[in-house]
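K.L.:
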Amino acid sequence: MPFRLLISLGLLCALLPLHHGAPGPDGSAPDRAHYSFSLTLIDALDTLLILGNVSEFQRVVEVLQDNVDFDIDVNASVFETNIRVVGGLLSAHLLSKKAGVEVEAGWPCSGPLLRMAEEAARKLLPAFQTPTGMPYGTVNLLHGVNPGETPVTCTAGIGTFIVEFATLSSLTGDPVFEDVARVALMRLWESRSDIGLVGNHIDVLTGKWVAQDAGIGAGVDSYFEYLVKGAILLQDKKLMAMFLEYNKAIRNYTRFDDWYLWVQMYKGTVSMPVFQSLEAYWPGLQSLIGDIDNAMRTFLNYYTVWKQFGGLPEFYNIPQGYTVEKREGYPLRPELIESAMYLYRATGDPTLLELGRDAVESIEKISKVECGFATIKDLRDHKLDNRMESFFLAETVKYLYLLFDPTNFIHNNGSTFDTVITPYGECILGAGGYIFNTEAHPIDPAALHCCQRLKEEQWEVEDLMREFYSLKRNRSKFQKKTMSSGPWEPPTRPGTLLSPENHDQARERKPAKQKVPLLSCPSQPFTSKLALLGQVFLDSS
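Numbering (our numbering), first residue to last: 1 to 541.
1. Apart from the five residues on each side of it in sequence, which residues of its chain come closer than 6 Å, Cβ to Cβ, to W488?
2. The beta strand (DSSP E) with F275 in it runs from where to where?
3. Quick check on DSSP: helix, strand or coil for K123?
4. Is it true that the stretch 285 to 293 meets the stretch 305 to 321, where meeting means three or more beta-carbon pairs spaced less than 8 Å apart?
5. Restricting to runs no shorter than 3 residues, where is the beta strand (DSSP E) found entirely within the stretch 68 to 136?
6. Nearest CA to the CA of S170: which residue from L94, G157 and G148?
7. With a threshold of 8 Å between beta-carbons, can D444 be considered close to chain D, or not?
8. What does the alpha-carbon distance come out to for the pair P350 and F128?
9. Have a look at E328 and K377 and give me their C-alpha separation to the nearest angstrom.
10. Using the Cα positions of F299 and F161, report the straight-line distance between them to the nearest angstrom.
11. Could you tell me the boundaries of the alpha helix (DSSP H) in which F315 lies?
12. Going by C-alpha distance, which of S91, P331, N386 and A166 is nearest Y226?
13. Which of the three DSSP states is assigned to L300 in this structure?
14. How should F417 be labelled, buried or exposed, when 16 other C-beta atoms within 10 angstroms of its C-beta is the threshold for buried?
15. Would you kindly report the start and end of the unbroken beta strand (DSSP E) that includes L429?
16. Thinking I443 and L90 are a contact (beta carbons under 8 Å), I'd like their distance in whole angstroms, please.
17. Helix, strand or coil for P175, going by three-state DSSP, please let me know.
18. Run the CB neighbour count on Q65, radius 10 Å, all protein chains shown included, and call it buried at 16 or more, exposed below.
19. Exposed or buried, what is D221 when buried is set at 16 or more other beta-carbons lying within 10 Å of its beta-carbon?
20. Between the alpha carbons of V270 and P131, how many angstroms are there, rounded?
21. Note down the Cα distance separating A214 from G430, rounded to an integer number of angstroms.
22. So, do the stretch 97 to 116 and the stretch 140 to 151 have three or more beta carbon pairs nearer to each other than 8 Å?
23. Tell me the DSSP secondary structure of K140 in three-state form.
24. Drop a sphere of 10 angstroms on the beta-carbon of L233, count the other beta-carbons inside from all chains shown, and report buried for 16 or more, exposed for fewer.
25. Just verifying my parser: in three-state terms, what is the DSSP assignment at R357?
26. Using only the alpha-carbon positions, how far apart do W306 and D174 sit?
27. From I435 to P445, what distance separates their C-alpha atoms?
28. Assign S55 to one of three DSSP states: helix, strand, or coil.
29. By the 10 Å Cβ neighbour count, where 16 or more other Cβ atoms means buried, how is D257 classified, buried or exposed?
30. Within the chosen definition, does the stretch 386 to 399 reach the stretch 38 to 47 through at least 3 CB pairs nearer than 8 Å?
31. What is the residue span of the alpha helix (DSSP H) that V228 lies within?
32. Under 7 Å Cβ to Cβ from L400, same chain only, skipping five residues before and after it: list those, please.
33. Can you look up G215 in the DSSP assignment and give me helix, strand or coil?
34. To the nearest angstrom, report how far apart N413 and I202 are at their CA atoms.
35. Does the distance from the C-beta atom of Q212 to that of G199 stay below 8 Å?
36. Assuming G137 and T153 form a contact by the criterion Cβ under 8 Å, report the distance between their Cβ atoms to the nearest whole angstrom.
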């Protein structure tokens with residue numbers, strides 16, 4: 001498989017400058033403010049294991065434990081920090097034993113990477129303290145939400161937490177993470193229009209839509225993705241029912257000849273006849289619900305665009321059959337390759353391998369530089385930009401490799417598994433069925449059942465532990481477990497913490513907070529990520 005050569009030449013070379021503080025490809029020093037929390041290392045960590053580089057995985061885990069310090073005064077994207085940092089750490093934690101890392105007693109219900117993930121997630125909780133329960137887009141990791149922070153957040157920035165936060169709640173026993181994620185999902189659901197669509201940006205204080213363009217792409221995409229993946233991960237019929245209702249509206253109002261356009265969320269009239277590269281995840285998502293025929297037709301539409309340019313431009317005008325001005329670039333996004341991997345697993349259609357071959361050849365021929373793979377600034381002339389996104393290592397490389405590696409452990413069909421003894425009984429792990437978060441970090445769904453026990457047994461254990469600590473520890477010392485920024489408080493609107501019915505009783509009694517150090521992690525402002533694309537949706541009328 002040609003991509004193995006590409007990996008060996010480029011992957012570690014691309015990682016090491018960010019790790020060791022060495023000069024970047026242009027000779028400049030890395031921006032410590034952006035990379036001081038080792039974002040790229042965390043984002044690419046599980047990729048190393050999937051590619052079979054066990055020794056490098058083990059070394060990077062040690063580096064992270066010894067050097068990560070998130071406790072800094074910086075404004076971070078809530079969305080990006082969750083999918084990259086929390087998701088990356090959770091995935092690496094659950095894969096640690098497979099990678100030969102010596103795990104501590106109680107794993108997977110405890111461990112240093114799990115504690116890092118929990119600490120990072122707790123830094124995000126102040127963003128959810130809004131009247132609606134929908135989070136701000138940005139939070140200061142030292143001080144919470146800035147007083148002047150904009151209340152306008154994109155839909156994906158609100159609805160993309162249930163995979164990571166439910167996993168975290170299941171492993172740690174603290175339901176607060178899953179609670180806030182479910183509230184955010186429900187508020188979006190309640191805010192949909194009469195024709196069943198959601199817009200692109202919403203005011204999290206008032207619940208009013210600011211950008212009313214509806215589609216499946218930038219600013220909305222991973223909300224739909226997490227309804228499906230959350231439903232599969234948690235076996236939650238309500239989440240799946242919500243997605244299927246959205247899917248009906250999307251097909252009725254946005255689909256034209258197996259393309260998906262942007263429409264006005266209240267009227268269904270076309271507002272933008274464009275295809276965005278971020279929308280290429282949709283065929284893969286359709287495959288997860290068994291809609292293979294529609295998925296393949298849409299995938300083939302997107303593949304024609306790839307063959308036209310050697311990559312997917314950020315925006316493609318469908319009627320004109322060409323790129324949109326100032327949106328001609330291709331930052332090596334993974335979405336079309338992701339869909340190819342899902343569809344190939346479902347169908348075995350060799351056309352999907354052809355896309356993989358084309359992707360390998362395009363990336364290696366056009367974007368490969370001395371020490372990494374550069375963003376393609378303009379697909380019309382293949383000019384390069386002086387940057388490489390971490391999602392190239394976390395997602396694009398991973399999905400390409402998995403497309404060509406049918407025997408990878410990620411594709412396990414349940415024929416092999418590991419048995420682990422936890423404090424709560426015997427647990428099965430590694431049997432397959434991994435759920436990828438939107439940054440391609442795989443979560444083993446079986447792990448969510450390893451650290452759970454019957455509610456009555458949980459109460460007995462908690463009562464015994466409280467009694468033990470009251471005898472052995474001074475109460476004032478125990479109080480240090482609370483966060484410096486104060487505990488999370490539910491939204492003030494009545495009923496905002498009502499979860500779906502099958503989770504009501506599980507929230508009646510919450511375990512004591514765990515003692516964890518405070519962490520922070522810098523990230524680019526949210527508006528420099530998804531919201532940048534959202535500018536085209538702003539209603540100037």
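Glycine included, C-beta positions come from ideal geometry on N, C-alpha and C. Because the structure is a prediction, the values reported are computed rather than measured.
P.N.:
According to the data block:
1. Because the pLDDT at W488 is just 43, under 50, the model does not fix this residue reliably, and the point stays unresolved.
2. From DSSP, the beta strand (DSSP E) with F275 extends over V274 to Q276.
3. helix
4. no
5. Taking only runs of at least 3 residues, the beta strand (DSSP E) segments lying wholly in the stretch 68 to 136 are 75 to 77.
6. Nearest of L94, G157 and G148 to S170, Cα basis: L94.
7. No chain D is part of this structure, which consists of one protein chain only.
8. In a straight line, the C-alpha of P350 is about 45 Å away from that of F128.
9. 7 Å
10. 27 Å
11. It is not in any alpha helix (DSSP H) - F315 instead sits in the beta strand (DSSP E) that spans F315 to N317.
12. A166
13. Helix at L300.
14. exposed
15. G425 to L429
16. 6 Å
17. Coil.
18. Exposed, because fewer than 16 other Cβ atoms sit within 10 Å of the Cβ of Q65.
19. buried
20. Cα-Cα distance, rounded: 32 Å.
21. Roughly 38 Å between the two C-alpha positions.
22. no
23. Note that residue 140 corresponds to Asn in the displayed sequence, not to Lys. Of the three classes helix, strand and coil, the one that applies to N140 here is strand, per DSSP.
24. L233 is buried by the Cβ-count criterion.
25. helix
26. 45 Å
27. 7 Å
28. Annotated three-state conformation of S55 is helix, per DSSP.
29. exposed
30. Touching, per the Cβ criterion.
31. D221 to L234
32. F3, I337, G356, A359 and V360
33. In this structure, DSSP gives G215 a state outside helix and strand, which the three-state scheme calls coil.
34. 41 Å
35. yes
36. 4 Å
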